[in-house]
Amino acid sequence: MSCPEEELIAVLKAGGVDLLATLPCDRIRNLIALADESFFRIPLTREEDGVGICAGAALAGRRPAMIVQSSGIGNMLNSLLSLTGFYELPLALFVSQRGIYKEGIAAQVPMGKVLPQLFDAVGIGYTSLEHPDALPSVGEELERLYREKRIHAFLLSPALWEDSTLEISHSLGRCRCEAVDVERNRKNPDPVLTRYGVLETLRPELEGNVVICNLGVPSKELYQLLPQASNFYMLGSMGMTTSIGLGVALSTPKQVFVLDGDGSLLMNPGTLATVAMARSGNLTIVAVDNASYGSTGNQPTLTAGCVDLELVARGFGIRNTVKAASREELHRAVQMPHDGPLFVHALTLPGNAAVPNIPLGPLEIKEQFQEFLRS
Ligand SMILES: Cc1ncc(C[n+]2csc(CCOP(=O)(O)OP(=O)(O)O)c2C)c(N)n1
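Per my numbering, residue 52 is the first one in the sequence shown, and the count goes up by one each step.
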């Protein structure tokens with residue numbers, strides 16, 4: 052029996068960690084699920100937010116830690132340096148280091164591989180953990196970093212979990228936030244389709260048009276259903292779907308569809324304000340809201356409880372918004388006449404179709420997409 056996840060949680064407990072801020076990665080889905088049972092855990096919408104929360108907690112005397120993916124470090128760097136490091140506050144970072152071991156997603160390599168050099172360059176100490184035998188050393192380092200009020204990163208190789216016998220059934224968790232009593236502009240229709248069902252339904256409208264698609268399973272599902280040159284499949288850069296779509300819409304007269312996700316939009320909601328300001332009439336954003344981080348194990352996002360993405364879009368100034376759940380509502384929604392950008396809040400059930408990886412590299416995706424734009 053080997054359970055490095057349980058061992059690591061035990062080390063954190065013994066080290067006095069009393070606040071955990073997390074954003075999921077597929078490789079540490081079991082670790083995060085386990086952490087939920089043992090810690091006061093804050094699920095984040097953006098990794099950088101966790102740096103602020105942990106700084107506040109450290110100011111108040113807590114021993115905070117974060118569990119994130121290597122890509123998330125890119126979102127955190129400025130705050131790590133100009134807040135946590137600058138004020139000499141302690142923070143333990145547990146980083147699922149992608150791109151270094153049996154990596155299936157090429158876009159994980161650029162950030163994951165350079166992480167040690169990056170930490171060297173900015174003066175953040177780190178320990179690479181590749182085997183469960185190394186876990187006991189985490190405790191000593193934890194004690195040191197809280198005593199000396201430093202940031203220290205523990206780089207968790209996917210090899211660490213390779214022989215784990217831990218089995219956790221990933222039933223959809225509940226969002227713990229209180230449902231805020233926002234005045235809803237209309238009743239939310241009940242979801243009936245999964246993300247795949249939404250894409251299947253919208254296939255006739257997407258066909259022949261520019262489609263910018265969210266990373267992870269959404270892009271794989273789109274490729275499976277409608278592999279066309281006018282699709283831009285995101286392979287990384289979570290949070291950028293709508294931003295990319297806006298950039299394209301501002302630069303072509305063609306119709307542009309964005310297929311975004313609730314987790315990704317919550318990572319960069321400010322883009323909706325920019326969309327409202329830019330007023331591109333050729334832009335339709337379909338926010339596929341399955342109330343979860345579907346691609347990394349269905350961990351609930353805050354749309355499961357207190358966030359209504361349509362109200363968020365309206366609040367940022369997008370005037371043409373609509374909710375849709377059924378096939379009929381979806382067709383009607385995307386055909387709605389709109390004089391500025393259109394925001395379709397597609398309420399869906401969680402769940403991923405069993406689809407393979409996209410057999411295209413970034414340059415192939417780019418070149419066929421650019422050729423379509425020139426046509
Ligand atoms: C900066 C960053 N943090 C975390 C991840 C890991 N990650 C990849 S996809 C994903 C979930 C995206 O959720 P959502 O946008 O709701 O789409 P869904 O898969 O649910 O359709 C996460 C957390 C990442 N790729 N980049």
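Every residue, glycine too, gets a C-beta built ideally from N, C-alpha and C.
Asked: Collapsed DSSP secondary structure at residue 157 in the structure displayed; Found: helix
Asked: C-alpha distance - residue 402 paired with residue 349, whole-angstrom precision; Found: 8 Å
Asked: Stretch pair the segment 167-178 + the segment 191-211: three plus CB contacts closer than 8 Å; Found: yes
Asked: Residue 429: CB within 7 Å of a non-hydrogen atom of ligand 1; Found: Missing from the structure shown is residue 429; the chain here goes from 52 to 426 and no further.
Asked: Closest by C-alpha distance to residue 146, when choosing among 362, 304, 421 and 118; Found: 118
Asked: Cβ shell of residue 114 (< 6 Å), same chain only, five flanking positions each side left out; Found: 67, 68, 69 and 197
Asked: Inter-residue Cα distance where the pair is residue 74 and residue 356; Found: 17 Å
Asked: Top-ranked residue by Cα proximity to residue 268, from 286, 162 and 261; Found: 286
Asked: Residues that DSSP places opposite residue 179 in a beta bridge; Found: 206
Asked: Simplified DSSP assignment, three categories, for residue 235; Found: The predicted model places residue 235 with a pLDDT of 46, which falls under 50 and marks its position as unreliable, so this point remains unresolved.
Asked: C-alpha gap between residue 263 and residue 276, whole angstroms; Found: 15 Å
Asked: At least three beta-carbon pairs within less than 8 Å, the segment 73-91 to the segment 204-218; Found: yes
Asked: Closest residue to residue 351 among 93, 63, 390 and 71 (Cα-Cα distance); Found: 93
Asked: Inside the segment 83-143 only - beta strand (DSSP E) runs reaching at least 3 residues; Found: 92-94 and 115-120
Asked: Backbone secondary structure at residue 389 - three-state DSSP; Found: coil
Asked: Pair within 8 Å by beta-carbon distance, residue 339 and residue 254; Found: no
Asked: For residue 283, three-class secondary structure by DSSP; Found: strand
Asked: Option in 131, 375 and 363 with minimal Cα separation from residue 242; Found: 375
Asked: Simplified DSSP state of residue 65, which is helix, strand or coil; Found: helix
Asked: Residue 374: first and last residue of the uninterrupted beta strand (DSSP E) it sits in; Found: 371-375
Asked: Ligand 1 heavy atom lying under 7 Å from the CB of residue 103; Found: no
Asked: Cβ neighbours of residue 227 in the same chain (closer than 6 Å, five flanking residues each side left out); Found: Any reading at residue 227 is ruled out, since the residue's pLDDT is 45, under 50, leaving its predicted position unreliable.
Asked: Complete runs of the beta strand (DSSP E) confined to the segment 257-301 [at least 3 residues]; Found: 261-264 and 282-284
Asked: Alpha-carbon spacing of residue 421 relative to residue 142, whole angstroms; Found: 43 Å
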